[in-house]
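Novice: Here you go, one structure.
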Amino acid sequence: GAVVSQHPSRVICKSGTSVKIECRSLDFQATTMFWYRQFPKQSLMLMATSNEGSKATYEQGVEKDKFLINHASLTLSTLTVTSAHPEDSSFYICSAVAQGETQYFGPGTRLLVL
Amino acid sequence: DAKTTQPPSMDCAEGRAANLPCNHSTISGNEYVYWYRQIHSQGPQYIIHGLKNNETNEMASLIITEDRKSSTLILPHATLRDTAVYYCIALNAGGTSYGKLTFGQGTILTVHP
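Chains as they are written, first to last, in this note's numbering: chain G, 1 to 114; chain Z, 1001 to 1113.
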């Protein structure tokens, strides 16, 4: 149980375009989902907390207008990287809270902006 | 959330037990100790968590000292597939930082044949 999926697994886009990443909890309902970013050889950094039916809460330094988060249902959250630039190239990972406090992570989405 | 300290790297022979230590000397009473691991280019995988008592599941055992200032994750029979970065995280069970996992640098465990 507690499976989280992400789509796409990897994406290459041109600078200036927008990219949408989906995060789904497949076998449970998640009132809260989290979005993380991981640069090469670094640890995961929390970007934002997404609660179903409400606005996301962003961590300090994360631009909310650049990283749009929508949590439309209890099983789906989306992250849209708007006007992507090469410095946005990273490994984006979502997680969802199942029972209690335990977070289960998706497999990640590797974004490369050319 | 309490800061955790882990050795940057450890080695283990395949088939032997891997004991990964974690210090969390400033942990508060309502903070759980969570362990995750991340295999290269994948999302983190939940391993185990505990509050006070030792815990065991199909993946590992978690030993928490009586004063809760440190813990040890035990992989009883390490395999090559256990090679990963292991993260020990103190997680607040409530309050404004509820649910927010703060990842440190973790311990790179390398299992050798």
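The C-beta atom is built at its ideal place from N, Cα and C for all residues, glycine as well.
Please confirm if residue 103(G) has its CB atom under 8 Å from at least one CB of chain Z.
Specialist: Position 103 of the first sequence, counted from the start, is the residue given in the question as residue 103(G). So, interface residue.
Novice: Which residues does DSSP list as the beta-bridge partners of residue 1018(Z)?
Specialist: Mapped onto the second sequence, residue 1018(Z) falls at position 18. Paired residue(s): 1075(Z).
Novice: Within 8 Å (strictly less), CB to CB, does residue 69(G) reach chain Z?
Specialist: Residue 69(G) sits at position 69 when you count from the first residue of the first sequence. False, the Cβ-Cβ gap to chain Z never drops below 8 Å.
Novice: Under a three-way DSSP split, which group does residue 52(G) fall into?
Specialist: The residue labelled residue 52(G) in the question sits at position 52 within the first sequence. Note: residue 52(G) maps to coil in three-state DSSP.
Novice: Identify each residue in the segment 1037-1055 of chain Z for which the Cβ-Cβ distance to at least one residue of chain G is less than 9 Å, and report them in chain order.
Specialist: So the close ones are 1038, 1041, 1042, 1043, 1044, 1045, 1046, 1049.
Novice: If you follow the beta strand (DSSP E) that residue 105(G) is part of, which residue opens it and which one closes it?
Specialist: Position 105 of the first sequence, counted from the first residue, corresponds to residue 105(G). Run containing residue 105(G): 103-105, per the beta strand (DSSP E) assignment.
Novice: Would you say residue 1006(Z) faces chain G, with C-beta separation under 8 Å as the test?
Specialist: Reading the second sequence from its first residue, position 6 is the one you call residue 1006(Z). So no, residue 1006(Z) is outside the interface.
Novice: Counting only C-beta atoms, is residue 111(G) closer than 8 Å to chain Z at any point?
Specialist: Mapped onto the first sequence, residue 111(G) falls at position 111. No, residue 111(G) does not count as interfacial toward chain Z.
Novice: Output the boundary residues of the beta strand (DSSP E) element that contains residue 77(G).
Specialist: Mapped onto the first sequence, residue 77(G) falls at position 77. Looking at the DSSP string, the run of the beta strand (DSSP E) that includes residue 77(G) is 76-81.
Novice: Which residue comes first and which comes last in the beta strand (DSSP E) that contains residue 1047(Z)?
Specialist: Locating residue 1047(Z) in the second sequence gives position 47, where the first residue counts as 1. 1045-1050 is the extent of the beta strand (DSSP E) around residue 1047(Z).
Novice: If you drop the 5 nearest sequence neighbours on each side, which residues of the same chain put their C-beta closer than 6 Å to that of residue 102(G)?
Specialist: Here residue 102(G) refers to the residue found at position 102 of the first sequence. Here the set comprises nothing.
Novice: Closest to residue 1090(Z) by C-alpha separation, out of 1023(Z), 1075(Z), 1054(Z), would be which residue?
Specialist: Taking the first residue of the second sequence as 1, we reach residue 1090(Z) at position 90. Among 1023(Z), 1075(Z), 1054(Z), the Cα nearest to that of residue 1090(Z) is on 1023(Z).
Novice: Thinking residue 1062(Z) and residue 1085(Z) are a contact (beta carbons under 8 Å), I'd like their distance in whole angstroms, please.
Specialist: Within the second sequence, numbered from 1, the residue matching residue 1062(Z) stands at position 62. Within the second sequence, numbered from 1, the residue matching residue 1085(Z) stands at position 85. About 17 Å; that fails the 8 Å criterion.
Novice: Looking at the strands, I want to know which residues DSSP matches up with residue 7(G).
Specialist: For the purposes of this step, residue 7(G) is identified with residue 7 of the first sequence, where counting begins at 1. The partner list for residue 7(G) (beta bridge, DSSP) reads 22(G).
Novice: Can you find the residues in the same chain that come closer than 8 Å, C-beta to C-beta, to residue 1060(Z), ignoring five residues on each side of it along the sequence?
Specialist: For this step, residue 1060(Z) is matched to residue 60 along the second sequence. Closer than 8 Å at Cβ, skipping near neighbours: 1035, 1047, 1048, 1073, 1074, 1075, 1076.
Novice: Do residue 1107(Z) and residue 1038(Z) have their C-beta atoms closer together than 8 Å?
Specialist: Residue 1107(Z) sits at position 107 when you count from the first residue of the second sequence. Residue 1038(Z) sits at position 38 when you count from the first residue of the second sequence. Contact: no.
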